[in-house]
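Following: one structure in structure tokens, then a few remarks.
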Amino acid sequence: MSLTFYTNPMSRGRIARWMLEETGADYETVVLDFASSMKDEAYLAVNPMGKVPAIVHNGHVVTECAAVCAYLADAFPEAGLAPPTTDRADYYRWMFFASGPTEQAVTNKSLGFVPTADQGRMAGYGNYDLMVDVLEQAVSAHPYITGDSFTAADVYVGSQVAWGTQFGTLPKRDAFVDYVARLTEREAYQRGNAKDDALMPAQQPA
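Sequential numbering from 0 applies to the sequence shown in numbering that gives the first Met the number 0.
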């Protein structure tokens, strides 16, 4: 059994790190630089997109954070991070809502693109405000995104909400703030965060 994690502490790799810590699995961390090693042939053989994170588990490559979260939950079932297969409707729905409509709406807004009403009919997220309202309803319906139990979907959705409210790409609505507060109390989140913080480049004095 081998598990290698490719990342950079200033990237979405923090999502995969948190998920890895939730599984309790042993893994090797390979830290890549955006301008050099992330674009080297050796890493492009792992992920031709030249992006992190990626994991290689027993020779199998998984990229894209939502996929990493879903994969690891299934690969390490003893961690209890996925509902039974008969009860995964909300689990899949909200994990992929966050990786689809939420990601698209936030990215487009950050790039200054606001769809017209006609364009909104074509876009999977409709418009940014609609996406935010639906996401708020989802995180406020239950303690966790699928109900009363924490799952891998909370790692992905929670990371999107935490990042968004921290950096201003999502509004700091009470439901978002309360949801993030519940998640960031988890030991696995704090362990992963500490490991990534320790890898951050030293800040030069002002």
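Glycine is no exception: its CB is placed at the ideal position from the N, C-alpha and C atoms.
| query | result |
| --- | --- |
| With DSSP as the reference, please indicate the residues paired to I54 in a beta bridge. | F4 and V61 |
| So V67 packs on A152, CB below 8 angstroms; how close in whole Å? | Rounded, the Cβ-Cβ distance is 13 angstroms, inconsistent with contact. |
| Helix, strand or coil: which one does DSSP assign to E27? | strand |
| Look up G146 in the DSSP assignment and give the residues it is bridged to. | Y143 |
| Within a Cβ cutoff of 8 angstroms, which residues of the same chain sit near Y70, ignoring the five residues on either side of it in sequence? | I54, H56 and V61 |
| If you draw a straight line from the C-alpha of A193 to the C-alpha of T28, how long is it? | 14 angstroms |
| In whole angstroms, what is the alpha-carbon distance linking V131 and F95? | 15 angstroms |
| Look at the alpha carbon of D117 and the alpha carbon of S1, and state the distance between them as a whole number of angstroms. | 49 angstroms |
| Between Y5, L43, A34 and F33, which has its C-alpha nearest Y26's C-alpha? | Y5 |
| Can you name the start and end residues of the alpha helix (DSSP H) that N192 belongs to? | E186 to A197 |
| Which value, in whole angstroms, describes the spacing of the CA atoms of P142 and A180? | 11 angstroms |
| What number of angstroms, rounded off, separates the C-alpha of P100 from the C-alpha of D39? | 31 angstroms |
| Hey, is H56 close to the ligand ATP, as in C-beta under 6 angstroms from one of its heavy atoms? | Within the structure as shown, the ligand ATP is missing, as the structure has no ligands at all. |
| Cutting at 7 angstroms between CB atoms, please list the residues of its own chain near G125, excluding the five before and the five after it. | G119 |
| Could you have a look at G119 and say whether DSSP puts it in helix, strand or coil? | helix |
| For G146, which option in N107, M199, F33 and Y178 has the closest C-alpha, if you only look at C-alpha atoms? | Y178 |
| Take F166 as the anchor and find which of R190, S109, S148 and A122 has the nearest alpha-carbon. | S109 |
| Could you round the C-beta distance between R13 and D195 to whole angstroms and report it? I think they count as a contact, below 8 angstroms. | 5 angstroms |
| Leaving aside the five residues before and after A24 along the sequence, list all residues of the same chain whose C-beta is less than 7 angstroms from its C-beta, in chain order. | L2 and F75 |
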